[in-house]
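K.L.:
So the sequences go chain by chain: V and X. Residues in the first sequence are numbered consecutively from 92, following the working numbering. Residues in the second sequence are numbered consecutively from 101, following the working numbering. Beta carbons are placed, not taken as given, at the ideal position from N, Cα and C, and that holds for glycine. All figures in this text were calculated on a predicted structure; none of them were measured in a lab. Attaching a single structure in structure tokens format; questions to follow.
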Amino acid sequence: MPKTATRQKTETKPTKAATNGNNKPAPKDAPENQTDEPDVYDVKEAQAEFNKRRKSQIASIKKLDKEFLGEMLYQMILGRLFERKCAEVYRMGKIGGFCHLYIGQEAIAVGSMMALKEGDYAITSYRDHVQAMIAGITPEAVLAELYGKATGNVGGKGGSMHMFSKEKGFFGGHGIVGGQIGVGTGMAYAQKYKGTDNVTLCFFGEAAVNQGIFHESLNMAQLWKLPCIYICENNQYGMGTSQKRAMSISNIAKKAEGYAMAGEFVDGMDVMAVREATLRAIERARKDGSPTLLEVRAYRYMGHSMSDPGKYRTTEEIKKYQERDPIILFQDSLKEAKVFTDKDFEDFVAKATEQVDAAVKFADESPFPDESELFTDVFA
Amino acid sequence: MAEMTIRDALNQALREELLRDENVFIMGEEVAEYDGAYKVTRGLWTEFGDKRVVDTPITELGFAAVGVGAAMAGLRPVVEFMTWNFSILAADQIINHAAKMFYMSGGQFNVPIVFRGPNGSAYQVSSQHSQAFEAFYANFPGLKVVMPSTAADAKGLLKSAIRDNNPVMFLEQETMYGLKGEVPEDADFTIPLGLADVKREGTDCTIVARSFTVPQALKAAEIMQAEFDVSVEVVDPRTIKPLDIETIVASVKKTNRLVIAEESHAFASVGAEISHQVMENAFDYLDAPIRRISTVEAPMPYARNLEVAALPSVEKIVAAVKEVCYL
Numbered sequence: 092m093p094k095t096a097t098r099q100k101t102e103t104k105p106t107k108a109a110t111n112g113n114n115k116p117a118p119k120d121a122p123e124n125q126t127d128e129p130d131v132y133d134v135k136e137a138q139a140e141f142n143k144r145r146k147s148q149i150a151s152i153k154k155l156d157k158e159f160l161g162e163m164l165y166q167m168i169l170g171r172l173f174e175r176k177c178a179e180v181y182r183m184g185k186i187g188g189f190c191h192l193y194i195g196q197e198a199i200a201v202g203s204m205m206a207l208k209e210g211d212y213a214i215t216s217y218r219d220h221v222q223a224m225i226a227g228i229t230p231e232a233v234l235a236e237l238y239g240k241a242t243g244n245v246g247g248k249g250g251s252m253h254m255f256s257k258e259k260g261f262f263g264g265h266g267i268v269g270g271q272i273g274v275g276t277g278m279a280y281a282q283k284y285k286g287t288d289n290v291t292l293c294f295f296g297e298a299a300v301n302q303g304i305f306h307e308s309l310n311m312a313q314l315w316k317l318p319c320i321y322i323c324e325n326n327q328y329g330m331g332t333s334q335k336r337a338m339s340i341s342n343i344a345k346k347a348e349g350y351a352m353a354g355e356f357v358d359g360m361d362v363m364a365v366r367e368a369t370l371r372a373i374e375r376a377r378k379d380g381s382p383t384l385l386e387v388r389a390y391r392y393m394g395h396s397m398s399d400p401g402k403y404r405t406t407e408e409i410k411k412y413q414e415r416d417p418i419i420l421f422q423d424s425l426k427e428a429k430v431f432t433d434k435d436f437e438d439f440v441a442k443a444t445e446q447v448d449a450a451v452k453f454a455d456e457s458p459f460p461d462e463s464e465l466f467t468d469v470f471a
Numbered sequence: 101m102a103e104m105t106i107r108d109a110l111n112q113a114l115r116e117e118l119l120r121d122e123n124v125f126i127m128g129e130e131v132a133e134y135d136g137a138y139k140v141t142r143g144l145w146t147e148f149g150d151k152r153v154v155d156t157p158i159t160e161l162g163f164a165a166v167g168v169g170a171a172m173a174g175l176r177p178v179v180e181f182m183t184w185n186f187s188i189l190a191a192d193q194i195i196n197h198a199a200k201m202f203y204m205s206g207g208q209f210n211v212p213i214v215f216r217g218p219n220g221s222a223y224q225v226s227s228q229h230s231q232a233f234e235a236f237y238a239n240f241p242g243l244k245v246v247m248p249s250t251a252a253d254a255k256g257l258l259k260s261a262i263r264d265n266n267p268v269m270f271l272e273q274e275t276m277y278g279l280k281g282e283v284p285e286d287a288d289f290t291i292p293l294g295l296a297d298v299k300r301e302g303t304d305c306t307i308v309a310r311s312f313t314v315p316q317a318l319k320a321a322e323i324m325q326a327e328f329d330v331s332v333e334v335v336d337p338r339t340i341k342p343l344d345i346e347t348i349v350a351s352v353k354k355t356n357r358l359v360i361a362e363e364s365h366a367f368a369s370v371g372a373e374i375s376h377q378v379m380e381n382a383f384d385y386l387d388a389p390i391r392r393i394s395t396v397e398a399p400m401p402y403a404r405n406l407e408v409a410a411l412p413s414v415e416k417i418v419a420a421v422k423e424v425c426y427l
């Protein structure tokens, strides 16, 4: 299959026109000015761009089913409250090991994963709780896994970083930075091999872009036309190292050009923008397998993991980004589009709170795995 | 039965499995149009085409990862490393991903993949192209490790490896590709993984040898019989993991003496593991300390005389057998 693909004329080119008006235009990559480069994400400019496309966004919202919009918002709220609860119970010592929270990035997982259809796949990094729940793994199973309980999503074998659901096409949370980029490429390879029109969403952080596997994967994906949508969740920090201190250019989407692949910047605080960019990428992928690199710019509110004191950035910086909170922005749009009211939002929060509390109760009351489980699932 | 080389036996196994299961495909560097760097995949691209036999860029980590992802999604990739030395570039995918996936997904995602290629020394290819990796990969739960030494074993074990639902490291030996042997012609001929083979029966001393050292051990056994009237049994585990320790222990209980011959370096080697397991299971049966012949504790040199001196040899194995027999 791949050889045939390489013989086809490559028609893909980076789609500047398809940027959805998001963010500022790509800053010029001038190595001599590297240290003077602006932040990868300017809050004011991003908001100005958001305001510019507000009208068309409200129109897009109105085209969607109310129930679906409610589900999108609910998943964002649930993700937020679930992760807050994780932080709380982690501090109580109920969760061991690493625990990487998704707070601030909810629009990315919801906007992209809720654009998938039956048979599509998703794979992500260790920051995987919210993706897992959107895929359909219950909050109970995710939290019980965090507690290391037998009723956990993978029976207490994986913990925070390793949620999986074969049934739901969720190929896991993975703990090695960038490792899942190659695996996701292989999942897309299988989808093409089997002759389906399905696609794979492959999530990773911006720090993973510096790993060799990112480049090896994108090269093969474009060479062989694999229907993989690479979603770089640019939360601006690889653990405690800002992107500025780790990457020679600030524009990750631009790296797609190096592989003649379609690439796009997306405002990661705008769930509708994420959804629409993903849908464009999905359309390309379903058509002829063309992959896409999406750089979705967001901000990680919490530390890299629960053990991160966050001394590398200021409270002011965090507050600045929180002004564009993805849930608030989406709620404002939904209100403006007259889809939901403040009362509806309160109901969503109440329902999600209830669901999270039920998950805590379930995890608390579940048994630890039997010691005999130590040796199960080593070999198939 | 048909006589053929190990290379052709491997080729036949691949061909039969490609015919048997459409989810099986081969990928690697030069496996298709070039017919394989060592010609193991000769003719397969011509017969099966681009979909089933896939040339990759030189991107070991990348194509190993594609294999792992494709296997998780239901395909059965056979990934060739031009040599196992290059597998180190892909070690993250093999060790952190393939080996762990079934376990850390709570038994949901198995990874039915074969990584194969030549392992160990060739002729004067120096330090970076002469390493034996069986101990390295055997150290990680979740991986199976296979090392054939004959044409029949090569075919039967490779077919089993491809049909296995787990990641299998299939380690061949470049200098042995041309060795000929009788191979059953039945398309359903397989050899189960985890089953040792007594390559020569004997009563006075056991040599456990694998891959490169099996022909050497058989030659050493002939010499010991002819010159010293010592009857040597040669046991080839064939699969390093899972290891058929029972067959090895049974042999030691019979001969009371053990020499282990291996192409890898000695430190923390498979030979060290076998030695330990024999100590645990047959300590009272040993009449002499176990001796090991391994590649010397230095990177592989280029000069032919130094290379020969570094590797195991018939002479070294004979000397070790004499030592455990107090001759």
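Any C-beta of chain V sitting closer than 8 Å to the C-beta of X/L295?
P.N.:
No, X/L295 does not count as interfacial toward chain V.
K.L.:
Going by CA-CA distance only, name the one from V/I272, V/E307, V/G401, V/F295 that's closest to V/T332.
P.N.:
Closest by alpha carbon: V/G401.
K.L.:
Which of the three DSSP states is assigned to V/Y321 in this structure?
P.N.:
If DSSP states are grouped into helix, strand and coil, V/Y321 belongs with the strands.
K.L.:
Check the Cβ of V/I267 against every Cβ in chain X and list those closer than 8 Å, keeping chain order.
P.N.:
Correct list: D192, N196, H197.
K.L.:
For a test of the three-state rule: what should DSSP assign to V/H191, helix, strand or coil?
P.N.:
Here V/H191 sits in coil by DSSP.
K.L.:
Suppose only complete runs of 4+ residues qualify. What are the alpha helix (DSSP H) ranges in the segment 243-307 of chain V, listed by chain order?
P.N.:
If we require 4 residues or more, the alpha helix (DSSP H) runs fully inside the segment 243-307 of chain V come out as 270-284.
K.L.:
Spell out whether any CB of chain X is found under 8 Å from the CB atom of V/T405.
P.N.:
Closer than 8 Å: no.
K.L.:
Taking any Cβ of chain V, which residues in the segment 149-170 of chain X have a Cβ under 8 Å from it, in chain order?
P.N.:
From the segment 149-170 of chain X, only D150, K151, V154, D155, T156, P157, T159, L161, G162, F163, A164, A165, V166, G167, V168, G169, A170 have a Cβ closer than 8 Å to chain V.
K.L.:
Any contact of the segment 262-281 of chain X with the segment 243-251 of chain X, i.e. 3+ C-beta pairs under 8 Å?
P.N.:
As far as the Cβ criterion goes, the segment 262-281 of chain X touches the segment 243-251 of chain X, which means the pair count is three or higher.
K.L.:
According to the neighbour-count rule (16 or more other Cβ atoms, all chains shown, within 10 Å of its Cβ), is V/P122 buried or exposed?
P.N.:
In this prediction, V/P122 has a pLDDT of 41, which is less than 50 and means its spatial position is unreliable; what the coordinates show is noted afterwards. Exposed: under 16 other Cβ atoms inside 10 Å.
K.L.:
Would you kindly work out how many angstroms separate the C-alpha atoms of V/T276 and V/K345, rounded to a whole number?
P.N.:
Whole-angstrom Cα-Cα distance: 19 Å.
K.L.:
Is X/V314 closer than 8 Å to X/I374 when the C-beta atoms are compared?
P.N.:
No, the Cβ-Cβ distance between X/I374 and X/V314 is not below 8 Å.
K.L.:
Using 10 angstroms around the beta-carbon of X/S230, count the other beta-carbons present and answer buried if the total reaches 16, otherwise exposed.
P.N.:
Buried, because 16 or more other Cβ atoms sit within 10 Å of the Cβ of X/S230.
K.L.:
How should V/M183 be labelled, buried or exposed, when 16 other C-beta atoms within 10 angstroms of its C-beta is the threshold for buried?
P.N.:
Exposed: under 16 other Cβ atoms inside 10 Å.
K.L.:
Output, in chain order, the set of chain X residues within a Cβ distance shorter than 7 Å of V/D211.
P.N.:
Near V/D211 there are no residues of chain X at all, since even the closest Cβ is about 11 Å away, more than 7 Å.
K.L.:
If contacts are defined as beta-carbon pairs under 8 Å, then X/M201 and X/M172 qualify, I think. What distance do you get, rounded to the angstrom?
P.N.:
The Cβ separation is near 6 Å, so the contact holds.
K.L.:
Taking only beta-carbon positions, decide if V/H395 is within less than 8 Å of chain X.
P.N.:
Judged by the 8 Å Cβ criterion, V/H395 is not in contact with chain X.
K.L.:
What span of residues does the beta strand (DSSP E) with X/C305 cover, start to end?
P.N.:
Run containing X/C305: 305-309, per the beta strand (DSSP E) assignment.
K.L.:
Taking the alpha-carbon positions, what's the X/T179 to X/A132 distance?
P.N.:
The residue asked about is misnamed: residue 179 of chain X is Val in this sequence, not Thr. For X/V179 and X/A132, the distance between alpha carbons rounds to 12 Å.
K.L.:
Here's a check: name, in chain order, each residue in its chain whose Cβ is nearer than 8 Å to the Cβ of X/F383, leaving out the five neighbours to either side.
P.N.:
Answer for X/F383: no residue qualifies.
K.L.:
Is X/E133 helix, strand or coil when you go by DSSP?
P.N.:
Coil.
K.L.:
Residues bridged to X/T434 by DSSP?
P.N.:
Residue 434 of chain X is absent from the model: chain X starts at 101 and stops at 427.
K.L.:
Under 8 Å by Cβ, that's how I've got X/I291 and X/G242 pegged, so tell me the actual separation to the nearest angstrom.
P.N.:
That belief does not hold up - the Cβ atoms of X/I291 and X/G242 are roughly 22 Å apart, past 8 Å.
K.L.:
Can you look up X/G169 in the DSSP assignment and give me helix, strand or coil?
P.N.:
The answer is helix: DSSP assigns X/G169 an H, G or I state.
K.L.:
Is V/E166 close to chain X? Criterion is C-beta to C-beta, closer than 8 Å.
P.N.:
A small fix is needed here, since residue 166 of chain V is Gln in this sequence, not Glu. No, V/Q166 lies away from the interface with chain X (no Cβ there is under 8 Å from its Cβ).
K.L.:
Among V/K259, V/F189, V/Y193, which one has its Cα closest to the Cα of V/M205?
P.N.:
Among V/K259, V/F189, V/Y193, the Cα nearest to that of V/M205 is on V/K259.
K.L.:
At 3 residues or longer, what runs of the beta strand (DSSP E) sit wholly inside the segment 330-410 of chain V?
P.N.:
Listed in chain order, the complete beta strand (DSSP E) runs (minimum 3 residues) inside the segment 330-410 of chain V are 353-358, 383-388.
K.L.:
What does V/D468 touch in chain X if you count any residue whose Cβ is under 7 Å from its own?
P.N.:
F202, Y203, G206, G207, listed in chain order.
K.L.:
What three-state label does DSSP hand X/S394 in the structure shown?
P.N.:
In this structure, X/S394 counts as strand in the three-state DSSP scheme.
K.L.:
Am I right that V/S216 and V/F294 are in contact with their C-beta atoms under 8 Å? What's the rounded C-beta distance?
P.N.:
Yes, they are in contact, since the Cβ atoms of V/S216 and V/F294 sit about 6 Å apart, within 8 Å.
K.L.:
Using a Cβ-Cβ distance cut-off of 8 Å, determine whether X/M172 contacts chain V.
P.N.:
Yes, because at least one Cβ of chain V sits closer than 8 Å to the Cβ of X/M172.
K.L.:
For X/Y426, which residues in the same chain have their Cβ closer than 8 Å to its Cβ, ignoring the five residues on either side in sequence?
P.N.:
Cβ neighbours of X/Y426 beyond the five flanking positions: A388.
K.L.:
Check the C-beta distance from X/A366 over to X/E333 and give it rounded, since I have them as a contact under 8 Å.
P.N.:
Contact doesn't hold; Cβ gap of about 22 Å is too wide.
K.L.:
Does the CB of V/M224 have a neighbour CB from chain X at under 8 Å?
P.N.:
It does not; no Cβ of chain X falls within 8 Å.
K.L.:
Give the straight-line distance between the Cα atoms of X/Q208 and X/N381, rounded to the nearest whole angstrom.
P.N.:
Spanning the two alpha carbons is a distance of roughly 36 Å.
K.L.:
Pull up the distance between the alpha-carbon of X/E285 and that of X/S221, whole angstroms please.
P.N.:
Taking the straight line joining both Cα atoms gives about 30 Å.
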